[in-house]
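Chemist:
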Amino acid sequence: MEIRIEGNNYINETDCVICGKEFTFDVVNPVLYDDDGFVWGVCPDCLKLTPGEMKKQFLQRIEEIDFLIDNLKSYRERYNRYIKEDINTPTFAEFEKAIKERRVEA
Ligand SMILES: [Zn+2]
Numbered sequence: 070m071e072i073r074i075e076g077n078n079y080i081n082e083t084d085c086v087i088c089g090k091e092f093t094f095d096v097v098n099p100v101l102y103d104d105d106g107f108v109w110g111v112c113p114d115c116l117k118l119t120p121g122e123m124k125k126q127f128l129q130r131i132e133e134i135d136f137l138i139d140n141l142k143s144y145r146e147r148y149n150r151y152i153k154e155d156i157n158t159p160t161f162a163e164f165e166k167a168i169k170e171r172r173v174e175a
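Okay, structure coming up:
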């Protein structure tokens with residue numbers, strides 16, 4: 070894994086591959102490469118970090134991703150239950166009637 074300095078022909082906002090914070094691509098940027106090739110841009114703040122500090126950032130990103138995965142899994146389990154359950158729901162006409170009645174009251 071290495072970080073290279075590369076030129077950029079268009080300037081835009083992106084998220085840093087190391088810390089995840091948004092930053093503006095400049096005309097020249099640090100860019101992360103791994104064994105598979107180009108990964109993504111590195112913000113100027115992360116370029117100031119030592120390799121050890123960068124690894125701490127990656128650990129933090131892993132924890133954030135694990136949290137997101139856990140959340141997604143819980144939604145998946147919930148939807149998996151829903152497809153097996155009966156759904157008791159009012160008709161759309163009942164919904165519209167309730168709105169009209171409520172507006173008259175107000
Ligand atoms: Zn960063």
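First residue of the sequence shown: 70, per the numbering used here; consecutive thereafter. Ideal Cβ placement from N, Cα and C applies to all residues, glycine included.
Could you tell me whether the Cβ atoms of Val97 and Ile74 are closer together than 8 Å?
Modeler: Yes, the pair counts as a contact, with Cβ atoms nearer than the cut-off.
Chemist: Glu132 to Thr158, Cα distance in whole Å?
Modeler: Roughly 39 Å separates the two Cα atoms.
Chemist: Are Phe94 and Gly76 close, meaning C-beta to C-beta below 8 Å?
Modeler: Not a contact, by the Cβ cut-off of 8 Å.
Chemist: By the 10 Å Cβ neighbour count, where 16 or more other Cβ atoms means buried, how is Ile72 classified, buried or exposed?
Modeler: Buried: at least 16 other Cβ atoms inside 10 Å.
Chemist: Run the CB neighbour count on Ile134, radius 10 Å, all protein chains shown included, and call it buried at 16 or more, exposed below.
Modeler: Flag for Ile134 reads exposed.
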